[in-house]
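Comments concern the structure below.
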Ligand SMILES: [Ca+2]
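Numbering (our numbering), first residue to last: 11 to 160.
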């Protein structure tokens with residue numbers, strides 16, 4: 011767990027540094043597309059999950075995408091256990107955490123606000139494809155086990 015957290019932090023720092031370079035260079039147009047929310051996830055305030063890669067669905071697993079505004083303790087309640095292959099955080103201000111098991115159990119990874127992972131096969135070198143079972147905006151971590159995350 012310690013290593014995973016470290017990786018997460020260094021990745022955050024690298025992302026911030028890259029953003030700073032872009033800002034100094036004035037290449038705003040290049041940065042903009044990276045912030046564009048994928049189709050189906052363009053209402054700010056939610057995080058979205060897809061059963062397929064590249065923010066698309068794998069009809070064999072679940073033909074619909076899934077989104078949440080606070081948290082979901084068990085994606086199995088929405089026929090989405092262990093099928094997520096891409097995810098995007100279009101929240102207002104929070105980062106989002108995605109856990110291996112229900113109720114924040116097991117390992118997790120983070121997606122920063124207005125960032126996404128089009129292919130969960132490689133998240134900081136870890137394979138997260140078809141592995142997520144619970145998901146939270148950081149501001150809702152304390153709501154685990156409540157109706158807010160049901
Ligand atoms: Ca999948």
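Glycine included, each C-beta is placed from N, C-alpha and C at the ideal position.
Which ranges does the beta strand (DSSP E) cover as unbroken runs of at least 3 residues, wholly within the region 91 to 117, from first to last along the chain? As for any beta strand (DSSP E) of minimum length 3 sitting wholly inside the region 91 to 117, the runs are 96 to 100 and 106 to 109, ordered along the chain.
With a CB to CB cut of under 7 Å and the five nearest residues on each side skipped, what residues in its chain are close to residue 115? Numbered from its first residue, the chain shown carries residue 115 at position 105. Answer for residue 115: 109, listed in chain order.
State yes or no: is the C-beta of residue 136 nearer than 7 Å to some heavy atom of ligand 1? In the chain shown, the residue the question calls residue 136 occupies position 126. No, since every heavy atom of ligand 1 falls outside the 7 Å radius drawn around the Cβ of residue 136.
For residue 71 and residue 96, the rounded distance between their alpha carbons: Start at 1 with the first residue of the chain shown, and residue 96 comes out as number 86. Start at 1 with the first residue of the chain shown, and residue 71 comes out as number 61. Rounded to the nearest angstrom, the two C-alpha atoms are 13 Å apart.
Distance cut-off 7 Å: residue 140 Cβ against heavy atoms of ligand 1: By 1-based counting over the chain shown, the position of residue 140 is 130. Because some heavy atom of ligand 1 lies under 7 Å away, the Cβ of residue 140 counts as near it: yes.
Cutting at 6 Å between CB atoms, please list the residues of its own chain near residue 107, excluding the five before and the five after it. Here the question's residue 107 lines up with position 97 in the chain shown. Around residue 107: 118, 120 and 146.
Out of 94, 98 and 134, which has the shortest C-alpha to C-alpha gap to residue 141? Position 131 of the chain shown holds residue 141. Measuring from the Cα of residue 141, the nearest candidate turns out to be 94.
Is residue 86 near ligand 1 - that is, is its Cβ less than 7 Å away from at least one heavy atom of it? One-based indexing of the chain shown puts residue 86 at position 76. Incorrect: residue 86 has no Cβ contact closer than 7 Å to ligand 1.
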